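Reviewing the structure listed below.
Protein chains in written order, with our numbering: chain Z, 1 to 321; chain P, 322 to 711; chain U, 712 to 1032.
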């Protein structure tokens, strides 16, 4: 118990000690040119390396936050005016040119397809990763699973759409379940790969401690390893869900899209928020484009909220770092 | 051979996995066979309710559809993006007349529309390009005993949008246009362009041509026009929904081309009239067959649609019309349907919808900038619509 | 105070039916089988896709041979399909995306784990999550309509003007280019690499950090000696997932790469990509052309395998030394 505490506490805020500086033969000021640094005593070089790296890292943050701000600003600006209760609850109007209506048919489609894909791929992916890390390790089955997961992480989403189209749509027609199948194929490699990496990070000491206390393997996995890796696994799972929620190309080939409000699971084309955004943004008319931006705002908020909620739940896990 | 615990486990898990896959396959097949026959929860699909359709409305322009019995069907169509705004409005308006008929139309491109129509995944298709003989054969082979009906609905213009600050009016003719897109004319102040634009100072900016990277009926209309009027183009890229362009950049969709033209000084690209109008882009006046420089508009499109001779298969070639008021780059757009559809209710619904659209939908079409069919063509089209059955 | 999982040693307790001798072992087998089944199902789904698409692509492989990947002649009229420009475009845009995204992502992840004050951590994390929540179609359109005219064109004009003597930077820029697609891709893959790297860096035990500080290291030296060496495998894994996303992104690249059928030496010129070619050409393709498009996707499988093998090899090398 004590060991757990020590290992899992936040680092105490120790000041990184300054390199010991003895009497300085240069006696110069801190500002030094490159030439002086090369011959500088190790202490000064280390200080400057430290500062330079901190500067680079801060600039990485700033540069990364610029597109975040830009894209958020853009979507909010263009989408806010059209967003509203009407937009969230009404279906697509039968007009590309006139304003009004909403994207609820797409919301239903996205919910159905992403929901089905998530229900299938998350348990399969996480448990598959558990197999890879805890049971399979280097045996032939695990190697094969790793190999094919690796291969599939780089597959273009349109290609998955092409495959599912050829395998299922020509026989069964367009449908929400088929769209979900395409999304699941995209999600599974991401989940299994990232979960594997996260499970590998669980310290051996935790596992050993659990076994030492007499737990069976399955108990160790479900009560120690998975909760410990929960934040990381959730990160990977949320990345996969965000990817699936934002996909368009495979859905064009498997769900086609619909201007009607469809709730059927099979046998009928169904829309999704991304398909509606794509169609609206590419139309020549302002009204359709405005709806598309509002749809983008809606999708962004939904995915962001899910990600945050999932992270909050995961970090509450008893053994999380 | 002694089976160790580890091996036993592997074998058991393989067996379980195979059983699971088999179960999934059986379920999918079971679901599949049951859903391919049903069309929608609302469709009763009995012959009785489906065949009572509105009486023949081929001759009257303002037909009444209120006398038809209530139809019920879910129809799915896909194809050209060009008429999509119009078809969506038509669907909405028709759904007020026949609330039981729920039609879905998706703009996936003319090529994909033909492809899905042939693959039997949609009920009707739409294409700006008239189907090639090979495509018609394939579609008819895919549905034994049925013939493909190509029904024109409206006409539209392909404009040349350009980005030349300070040049409000630009005249082009077919030869200079072909030369520009073949890469032979590279600067805007070239002598050939200047010859067509007396009194306009053209800058020395380099010409950046923009074409479509995706399969498109708009490309087909544009390249068909150039193939018909310019021998170099015919020998070179030729006509088609996708061609091998010599140089230039490819934008995705009309919106992609419009965006690139707007952002690049000196760019010129072909887009549908609606995009040029909505994006407030400058478009070139094209020299038509009679020698006049005509701007693309509803009027000049309708003038081109006024044909002397109507071919029996309705493969309407309205580009390069002899009419002095006509714009030369005009295309018709077609609905693709089988004369023997698998479902009687769907056939009745589609027939009713198209009849309504060709008769009562013309004002909507004009409002949106599409030129409706002249009356002779419309009569021929409605005759084709009446051939839709099951 | 965190508690240890409350387990009773299953073999010695005599209270409660589930703790009887032998149940633990059976449950262990069942769980192992469950994990294995999940892994196998994932394998079956992914492997089926790889094999099925490879089979569809065989006709074009037979017809073209090796020139399928070494030649540049794509001509449906003569039934010749060679995809070297597509491969080139896909790889170049992905490399540009990685070059920009990996340093930024690692920098942001380091900031979040080592430098950020606690209050700043959560908002920055959510800001990065926001990047992951944006649908890909919005990235493409935002890139085309906002980033391209206001940021990328000026940058590429500037660079091609002053550094244009280097072939890779020669202008004039056409706007739609490898560079444009690569930059938007880099923004898209940043959240993937950042989130996963953050988890990896967090898993470094605080004890190691304290030890480094105690020995007098500056913060940068601590990172270099204690955090980064242990994280190589995880960082490479995160990069591979980001690369997979970059290789497989369809809509963004199709909108921004300019679809030129030739190989251009400069990053500011247009090119074409495998995913874009499949998306653009699928609706039109029949017969051998369909096989060629599927074959392009299969080639992408091979590229992904090769890159992943190289990556795993690098990690193994580092872990050995």
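Where a beta carbon is used, it is the ideal one built from N, C-alpha and C, also for glycine. This structure is a prediction, so every number in the text was calculated from the model and none was measured.
Closer than 6 Å by C-beta to residue i: which residues in its own chain qualify, once you throw out the five before and the five after it? Chain order, please.
i, result
"residue 529/P", "585, 587, 588"
"residue 616/P", "606"
"residue 691/P", "407, 475, 477"
"residue 261/Z", "91, 105"
"residue 457/P", "469"
With DSSP collapsed to three states, give me the class of residue i.
i, result
"residue 913/U", "helix"
"residue 1014/U", "helix"
"residue 150/Z", "helix"
"residue 681/P", "helix"
"residue 127/Z", "helix"
"residue 395/P", "strand"
"residue 533/P", "strand"
"residue 945/U", "helix"
"residue 656/P", "strand"
"residue 425/P", "strand"
"residue 264/Z", "coil"
"residue 248/Z", "coil"
"residue 951/U", "helix"
"residue 585/P", "coil"
"residue 1026/U", "helix"
Excluding the 5 residues flanking residue i on each side, which residues of the same chain have their C-beta closer than 8 Å to its C-beta?
i, result
"residue 541/P", "431, 449, 450, 560, 561, 562, 652"
"residue 875/U", "881, 882"
"residue 221/Z", "130, 134"
"residue 181/Z", "117, 164, 168, 254"
"residue 369/P", "Summary for residue 369/P: the model assigns pLDDT 35, below 50, so the residue's position carries little reliability, and this model does not support an answer."
How many angstroms separate the CA atom of residue i from the CA atom of residue j?
i, j, result
"residue 849/U", "residue 176/Z", "22 Å"
"residue 411/P", "residue 685/P", "8 Å"
"residue 947/U", "residue 84/Z", "43 Å"
"residue 621/P", "residue 628/P", "13 Å"
"residue 936/U", "residue 957/U", "30 Å"
"residue 349/P", "residue 138/Z", "Residue confidence for residue 349/P is low, a pLDDT of 45 falling below 50, so the modelled location carries little weight and cannot support an answer."
"residue 818/U", "residue 909/U", "10 Å"
"residue 820/U", "residue 807/U", "20 Å"
"residue 748/U", "residue 213/Z", "28 Å"
"residue 595/P", "residue 284/Z", "7 Å"
"residue 147/Z", "residue 270/Z", "34 Å"
"residue 568/P", "residue 503/P", "8 Å"
"residue 35/Z", "residue 45/Z", "Note that residue 35/Z scores 44 on pLDDT, short of 50, meaning its location in the model is unreliable; the coordinates nonetheless yield the value given after this. Near 11 Å, if we compare the C-alpha coordinates of residue 45/Z and residue 35/Z."
CB of residue i to nearest heavy atom of the ligand NAD: below 8 Å?
i, result
"residue 1028/U", "The model depicted lacks the ligand NAD and carries no ligand whatsoever."
Using a Cβ-Cβ cut-off of 7 Å (strictly less than) and excluding sequence neighbours within five positions of residue i, which residues of its own chain qualify?
i, result
"residue 537/P", "430, 431, 562"
"residue 488/P", "521, 523"
"residue 941/U", "915"
"residue 517/P", "492, 493, 494, 497"
"residue 307/Z", "238, 242"
Inter-stretch contact at 8 Å, needing at least 3 Cβ pairs: the region 887-894 of chain U / the region 962-975 of chain U: yes
Inter-stretch contact (C-beta, 8 Å, three-pair minimum) for the region 183-196 of chain Z and the region 781-795 of chain U: no
The region 166-184 of chain Z: positions lying closer than 9 Å to chain P by Cβ: 168, 169, 170, 171, 172, 173, 174, 175, 177
Interface residues of the region 430-448 of chain P facing chain Z [CB-CB below 9 Å]: 433, 437, 440, 441, 442, 443
The region 94-108 of chain Z: positions lying closer than 8 Å to chain P by Cβ: 94, 95, 96, 97
The region 63-81 of chain Z contacting the region 832-850 of chain U, beta-carbon criterion three pairs below 8 Å: yes
Touch test, the region 1022-1029 of chain U against the region 936-950 of chain U, Cβ-Cβ under 8 Å, three pairs minimum: yes
Against chain Z: residues of the region 588-600 of chain P by CB proximity under 8 Å: 593, 595, 596, 598, 599, 600
Meets three-Cβ-pair contact criterion under 8 Å: the region 214-230 of chain Z and the region 825-833 of chain U: no
Interface positions of the region 833-848 of chain U facing chain Z (Cβ-Cβ less than 9 Å), listed along the chain: 835, 836, 837, 838, 839, 840, 841, 842, 843, 844, 845, 846, 847, 848
Near-chain P residues of the region 237-259 of chain Z (beta-carbon distance less than 8 Å), N- to C-terminal order: 252, 256, 257, 258, 259
Residues, ordered as in the chain, of the region 117-128 of chain Z that lie near chain P by beta-carbon distance below 9 Å: none
Segment contact, 8 Å Cβ cut-off, at least three pairs: the region 461-480 of chain P with the region 571-582 of chain P: no
The region 898-917 of chain U contacting the region 149-163 of chain Z, beta-carbon criterion three pairs below 8 Å: no
Inter-stretch contact (C-beta, 8 Å, three-pair minimum) for the region 292-312 of chain Z and the region 274-281 of chain Z: yes
Inter-stretch contact (C-beta, 8 Å, three-pair minimum) for the region 858-873 of chain U and the region 764-780 of chain U: no
Near-chain U residues of the region 540-571 of chain P - C-beta to any C-beta below 9 Å: 559, 561, 562, 563, 565, 566, 568, 569, 570, 571
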